[in-house]
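A quick write-up on the structure given underneath.
In the numbering used here, the protein residues as written are 26 to 91.
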């Protein structure tokens with residue numbers, strides 16, 4: 026399971042880097058924003074699925090406030 030987490034974080038980092046690269050041009054900025062969004066979603070999902078998170082109270086409260 027640890028290998029899957031590491032692979033997912035690596036993929037998320039690649040999406041972030043590609044997204045940042047494409048944000049440098051107005052023509053590709055929308056695609057870059059989408060790639061960065063995909064990377065962030067992957068990172069958030071993998072963090073929430075980590076077994077060390079036992080209580081989602083603060084996460085749910087942050088979502089409600091946000």
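Ideal placement from N, C-alpha and C gives every residue a C-beta, glycine not left out.
Contact set for residue i: own chain, Cβ-Cβ below 6 Å, skip 5 residues either direction
{"i": "residue 64", "result": "37, 40 and 41"}
Best match in the options for proximity to residue i [C-alpha to C-alpha]
{"i": "residue 31", "options": "50, 53 and 71", "result": "71"}
{"i": "residue 62", "options": "79, 48 and 77", "result": "48"}
{"i": "residue 26", "options": "81, 74 and 90", "result": "74"}
Cβ neighbours of residue i in the same chain (closer than 7 Å, five flanking residues each side left out)
{"i": "residue 33", "result": "67 and 71"}
Cβ pair residue i, residue j closer than 8 Å
{"i": "residue 43", "j": "residue 60", "result": "yes"}
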